[in-house]
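J.:
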Amino acid sequence: MSSNDHFIASSTEGSVAPSSASTSTKPSSTISAKPFINRNNRTYINEPTLLYPLPVDLAELHRQSLRTLMLFQVFGGPTTAPEFSNKPPSSVLEVGCGSAFWSMMCHRYFAQHGHSSISFTGLDIVPLVGSGLDQNWKPDKDMQWRFVQHDMRRTPWPLPDNEFDLIMVKDMTMCLSTFMREPQVLFEEYLRMLKPGGVLEFWESDHSIRMLRPHVSKPNVMSKPDSDSDSDDSSDDEGGAERLGAYIMTNNTPLSAPLNPYLVEYNGWVTKALDALGVSAVPCTLIGPYLLQEAESLMELRSKRLAIPLSEIRWEREGVGGGGKGLTASQAALRRTALETVVGLIHALEPVLREVSGKSQDEWDNWSGKMMNDLLREGGTSWGECLEVGAWSARKKLGSGS
């Protein structure tokens, strides 16, 4: 499904109250009257103090939408929280909503199950869904939708206490680098806005790449969310992940540095570049510990981490612990999507990667062309290079106030 049809701008004025129509708030930040700027033929947010390194053009929004679709597939829907299996949330906040693609897909998912009255709110520093302003725009025609424009570095956020049943924080580590070393301020806001019993959920992907070494998948037992490679899922999820072409990560999952020379170079550059911005290249190792620090206010901490190989792996084809096997069409498609989103991320981070690498523009273009050919056409990830993703959720304790 293409998300391009939905990249239409939302308005920056309107009522804060949700309704069946689309609404949006006046911006509560000091963004320039010209919210976007063009650099190196890519579009960026025009805010000098914002350290967000990614562009916000159609190519990047499409990459993020592909990543979201992929995560929907491997996580089995818009949320991993079992609370919503039979009773959906009535009010949902997407933090850093961007194009609001996740909100749209969440609405469609629950609408297909007979629940179409969910109220959605998107929060972001600027509308990232097109060039024109349309007061009546919303991600899907029959959604209850409001957009709140706000610089999330400024707290408190302009949203009521105890408002939401579900708060989704997806791929936000690059956006909120200011808070990543001291996340308590963010969690105070999440907990303030979350209803008692409501769910706080994070989806993240690591920005650096590791390699999955040969092993035989074994059903894992319930595990606590205090490990940076944890899962609380049973053997059913192990089999489900394998059917999709991914691997459930446990403490025993063998991972090491990649062998692909282009990804080895990329790992070094991205780690150094993001560190300079106060961002971790491996955010999946941080979310679990952050949630554990809020144990006084949160309960029922759960997590699922997956390794998605970027292509068919040699040891899968040759066989480990049994006969070799090829990929099904759906498994190959999932892995190709993961690979394309990784290559797209490398392109999106070009300015900061090129600066760290010391390459000239011509040298970078030459490296980039060879990298794309190796990864996309010559099977350069067949050693087991993989994308690591995760989902974490917890409920606000029933006795917790705002």
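Per the working numbering, the sequence shown starts with residue 1, numbered consecutively. We put the CB at the ideal spot given by N, CA and C, even for glycine. Please read all numbers here as calculations on a predicted model, not as lab measurements.
Contact between the stretch 279–295 and the stretch 351–367: three or more CB pairs below 8 Å?
T.: no
J.: What residues in its chain sit with their C-beta under 7 Å from that of residue 462, if we drop five residues either side in the sequence?
T.: Because the chain spans 1 through 402 in this model, residue 462 falls outside it and cannot be assessed.
J.: For residue 287, list the residues DSSP reports as bridge partners.
T.: Its beta-bridge partners do not exist; DSSP assigns none.
J.: DSSP three-state label for residue 119, please.
T.: Under the three-state reduction of DSSP, residue 119 is assigned to strand.
J.: Report the rounded CA-to-CA distance for residue 265 versus residue 93, giving the unit in angstroms.
T.: 38 Å
J.: Have a look at residue 87 and residue 349 and give me their C-alpha separation to the nearest angstrom.
T.: 40 Å
J.: Can you check whether the CB of residue 169 is closer than 8 Å to the CB of residue 395?
T.: no
J.: May I ask you to check if the CB of residue 269 is nearer than 7 Å to at least one heavy atom of the ligand MG?
T.: With respect to small molecules bound, the structure shown includes none, and the ligand MG cannot be examined in it.
J.: Does DSSP put residue 328 in a helix, a strand or coil?
T.: coil
J.: Can residue 90 and residue 389 be called in contact, C-beta distance under 8 Å?
T.: no
J.: When the distance is taken between beta carbons, is residue 210 closer than 8 Å to residue 256?
T.: For residue 256 and residue 210, yes; Cβs fall inside 8 Å.
J.: Assuming the contact rule is C-beta atoms closer than 8 Å, residue 125 and residue 152 should be a hit. Round their C-beta distance to whole Å, please.
T.: 7 Å
J.: Between the Cα of residue 253 and the Cα atoms of 259, 268, 288 and 306, which residue gives the shortest distance?
T.: 306
J.: Is it the case that the stretch 148–163 contacts the stretch 188–195, given that we only count it when at least three CB pairs across the two stretches are under 8 Å?
T.: The answer is yes - the stretch 148–163 touches the stretch 188–195, with three or more Cβ pairs under 8 Å.
J.: May I have the straight-line CA-CA distance separating residue 314 from residue 382, to the nearest angstrom?
T.: 6 Å
J.: Helix, strand or coil for residue 205 per DSSP?
T.: strand
J.: So what does DSSP say about residue 211, is it helix, strand or coil?
T.: Under the three-state reduction of DSSP, residue 211 is assigned to strand.
J.: So, using beta-carbon positions, are residue 310 and residue 352 closer together than 8 Å?
T.: no
J.: Note down, in chain order, each residue of its chain lying with its Cβ closer than 8 Å to the Cβ of residue 404, except the 5 sequence neighbours on either side.
T.: Residue 404 lies beyond the stretch modelled for the chain, which goes from 1 to 402, so this question has no answer here.
J.: When DSSP labels each residue in this structure, what does residue 196 get in the three-state scheme?
T.: DSSP, reduced to helix, strand and coil, places residue 196 within a strand of the structure shown.
J.: In whole angstroms, what is the alpha-carbon distance linking residue 146 and residue 376?
T.: 39 Å
J.: Which residues mark the beginning and the end of the beta strand (DSSP E) in which residue 390 is found?
T.: 385–396
J.: Name the DSSP beta bridge partners of residue 144, please?
T.: 119
J.: Rounded to the nearest angstrom, what separates residue 115 and residue 100 at their Cα positions?
T.: 19 Å
J.: Per DSSP, what kind of secondary structure is residue 243 in: helix, strand or coil?
T.: helix
J.: Quick check on the burial criterion: 16 or more other C-beta atoms within 10 angstroms. Buried or exposed for residue 270?
T.: When all chains shown are included, residue 270 counts as buried.
J.: Please work out which residues of its chain come closer than 7 Å, Cβ to Cβ, to residue 208, disregarding the five sequence neighbours upstream and downstream, and give them in chain order.
T.: These residues qualify, in order along the chain: 267, 270, 271, 281 and 282.
J.: Should residue 393 be labelled buried (16 or more other beta-carbon atoms within 10 Å of its own) or exposed?
T.: Buried, since its Cβ has 16 or more Cβ neighbours within 10 Å.
J.: Quick one: grab the DSSP three-state call for residue 313.
T.: In this structure, residue 313 counts as coil in the three-state DSSP scheme.
J.: Roughly how many angstroms separate the alpha carbons of residue 150 and residue 215, rounded to a whole number?
T.: Approximately 47 Å between the Cα atoms of the pair.
J.: Compute the distance between the beta-carbons of residue 391 and residue 155, then report whether it is under 8 Å.
T.: no
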